[in-house]
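The next block holds one structure in the form of structure tokens; read it before the comments.
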Amino acid sequence: MNAIYFNEYGPADVLRYGEQPTPTPKPTQILVRVRASSINPIDWKVRRGDIKLLTGFDFPMIPGRDVAGEVAAVGSQVVRFAVGDRVYGMADGGTGGANAEYALLAEPAAAFIPEKLSFEEAGAVPLAALTALQALRDQGQLLSGDRVLINGASGGVGAFAVQLAKALGAGEVTGTAGADNLELVRSLGADRALDYKAHDFTKDLSRYDLIFDAAGKSSFVASQGALRRNGRYVSTDPQPLTVVTDKLAALLTTKSAHVLLADPSGPDLALISAWLQAGTLRVMVDKTFPLAETAAAHRYSEQGESSGKIVLTVGE
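Heads up, the sequence shown is in the working numbering, so the first residue is 65 and it goes up one at a time.
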């Protein structure tokens with residue numbers, strides 16, 4: 065199969081497009097003919113070696129978390145899916161594996177693609193939507209009527225978070241974004257849209273019950289003044305020093321700090337699918353690149369200016 069791979073950590077230039085072995089599904093895995101994937105910050109953080117103590121040095125590595133396509137084969141114990149089904153989910157591999165013509169999904173992590181979604185739209189969903197849902201519902205313990213702030217509301221995770229906060233019953237949703245994306249944030253359902261360059265949300269004293277830093281650009285220490293009593297701060301950026309500092313600072317207050325790494329949950333993805341099919345959620349695609357141009361997609365993502373998801377198309 066053709067795939068994107070790299071043999072060393074480094075800039076986007078280390079990415080190669082070429083032949084790699086087609087994976088074989090284990091008993092509880094699904095082999096998917098990938099039709100679309102997408103770029104998430106974790107993909108280029110792995111490629112750069114930011115977390116190489118976790119990802120190791122077993123090269124070549126195939127990046128990518130998001131898989132959307134058709135079932136090509138199933139393991140001997142798979143019961144919910146059959147060859148030809150349209151499925152999506154987070155790739156079953158420590159460093160990814162989705163940016164290829166074929167990829168593996170664990171059966172418990174897979175869900176059927178909603179009928180109304182194209183493969184390109186579906187490829188933008190799994191990691192970003194699961195991150196947003198689990199950050200708000202599980203780590204953030206969002207309650208009906210809560211005042212919620214989404215930092216980075218026009219990005220891949222943030223765009224889903226604005227919509228999900230509303231779906232989960234938030235009383236007021238505020239989103240931060242660049243000036244060019246404020247109207248987009250409002251169109252997603254935000255009650256307030258703030259230009260992050262002109263308005264420092266951390267100065268909004270005691271305003272929010274929940275702050276979700278979808279951009280991973282702030283910290284609990286910087287944001288705690290904007291939280292109400294018993295407020296919750298959730299981040300997607302597990303930098304060790306920041307995590308430790310935030311946790312220690314939270315011990316001195318009634319507020320709490322959390323870091324989320326998305327759980328590749330099939331049931332959660334099925335719930336997201338139902339919301340997508342009903343129109344409660346919509347997918348925001350910024351740009352589309354063919355698989356062979358993944359290096360260009362990484363560079364674009366690293367600029368941090370995208371509005372919505374960056375999608376990779378695979379094959380016809």
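Each residue gets a CB set at the ideal place from its N, CA and C atoms; glycine is no exception.
According to DSSP, residue i sits in a beta bridge with which residue or residues?
i	result
Gly128	Looking at the DSSP assignment, Gly128 forms no beta bridge with any residue, so it has no partner.
Arg296	Leu274 and Ser320
Leu376	Ser101 and Phe353
Thr214	Before going on, a small fix: residue 214 reads as Ile here, not Thr. For Ile214, which the question treats as bridged, DSSP gives the partners Gly239 and Phe276.
Leu258	Thr240
Asn66	Glu83
Glu134	Arg97 and Arg150
Phe176	Val151
Leu207	Its beta-bridge partners do not exist; DSSP assigns none.
Leu291	Tyr272
For my contact list, residue i and residue j are in at a C-beta cut-off of 8 Å; report their separation, rounded to the angstrom.
i	j	result
Ala167	Gln84	Actually they do not touch by this definition, with Cβ atoms about 11 Å apart.
Arg97	Ala155	That pair is no contact at about 14 Å.
Thr240	Tyr260	4 Å
Asp130	Leu200	Incorrect: roughly 20 Å between the Cβ atoms, too far for contact.
Ile275	Leu213	5 Å
Arg99	Val347	Actually they do not touch by this definition, with Cβ atoms about 15 Å apart.
Ala132	Ala186	4 Å
Tyr69	Pro105	Rounded, the Cβ-Cβ distance is 19 Å, inconsistent with contact.
Leu181	Leu340	6 Å
Check for me: the beta strand (DSSP E) holding residue i runs from which residue to which?
i	result
Gly239	Glu236 to Ala241
Arg381	The chain is shown from 65 up to 380; residue 381 falls before or after that span and cannot be answered.
Leu169	Tyr166 to Ala170
Gly153	Arg150 to Met154
Tell me the residue span of the alpha helix (DSSP H) that contains residue i.
i	result
Arg369	Reading off the sequence, residue 369 comes out as Glu, not Arg. Premise fails: Glu369 is in no alpha helix (DSSP H) and is neither H nor E.
Val226	Gly220 to Ala231
Leu194	Pro190 to Gln198
Thr119	Lys116 to Thr119
Gly187	Phe183 to Gly187
Arg250	Leu246 to Ser251
> Which ranges does the beta strand (DSSP E) cover as unbroken runs of at least 3 residues, wholly within the region 331-363, from first to last along the chain?
Replying inline: 349-354
>> Using 8 Å as the cut-off, can you tell me whether the region 216-224 makes contact with the region 357-373, which would need three or more C-beta pairs spanning the two stretches below that distance?
In response: yes
> Do the region 108-126 and the region 65-76 touch if we need at least three Cβ pairs shorter than 8 Å?
Replying inline: yes
>> Assess contact between the region 280-289 and the region 243-255, defined as three or more Cβ pairs (one per stretch) separated by less than 8 Å. Is contact present?
In response: no
>> Counting beta carbon pairs with one atom in the region 167-176 and one in the region 221-228, are three or more of them shorter than 8 Å?
In response: no
> Does the count of Cβ pairs from the region 134-153 and the region 77-94 closer than 8 Å reach three?
Replying inline: yes
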